[in-house]
Amino acid sequence: MFKDKRSTAVKAIDAKMTKQMRQCIEALRGGWATTDHFNVLADCRDMLSLAAAEKRDDAVQAVCDVGFVALDNMKVRYAKLKRIGASGEELQALMALVDVSEDFWKRQSGGLFVDADKAMCKARDGYREGAR
């Protein structure tokens with residue numbers, strides 16, 4: 001009855017990203033996750049957080065905040081152990097992040113996705129410049 005107004009390209013990107021994020025969760029659950037898996041989930045969280053701020057969506061932002069705590073815990077643990085892993089609670093937080101991300105992006109325009117990606121890249125470039 002209602003037509004999805006997103007472009008075919010945005011739908012394909014969304015489907016590919018969701019699959020990739022879920023594979024990262026499985027890698028964490030299975031104990032074979034790498035820093036690449038971590039980075040995918042961090043990108044998911046960062047883009048969603050930027051978009052949620054733009055849309056003033058406090059509920060989505062709250063999930064992003066919980067996801068940030070889980071990712072930060074993992075990052076601290078990695079610095080000590082040189083191994084990516086997640087506790088049960090961290091896995092639950094990241095699964096919620098992926099679920100909310102999938103739902104959120106299905107309801108948004110492709111333009112917001114592109115803008116969030118650009119903002120994330122710009123912020124990271126600024127962070128890297130400041131770290132030099």
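If you read the sequence shown in my numbering, its first letter stands for residue 1, the second for the next number, and so on.
We treat Cβ as the ideally placed atom computed from N, Cα and C, and that holds for glycine.
Predicted, not measured: the structure shown is a model, and the values here were computed from it.
query: H37 versus M21 - alpha carbon distance; result: 8 Å
query: Backbone CA spacing between L91 and A119 [nearest angstrom]; result: 27 Å
query: Closer than 7 Å: V66 CB and nearest the ligand MN heavy atom; result: Although the ligand MN was asked about, the structure shown includes no ligands whatsoever.
query: Opening and closing residue of the alpha helix (DSSP H) in which C67 lies; result: Note that residue 67 is Gly in the sequence shown here, rather than Cys. Here the alpha helix (DSSP H) through G67 covers 58-81.
query: 4 or more residues per run - each alpha helix (DSSP H) lying fully within the segment 76-115; result: 88-106
query: 8 Å Cβ cutoff, R83 in contact with chain C; result: Here chain C cannot be found, since the structure has a single protein chain.
query: Reduced DSSP secondary structure (H/G/I, E/B, other) of G30; result: helix
query: The segment 52-70 / the segment 16-36 touching (three or more Cβ pairs under 8 Å); result: no
query: Whole-angstrom distance between T18 and V98, CA atom to CA atom; result: 7 Å
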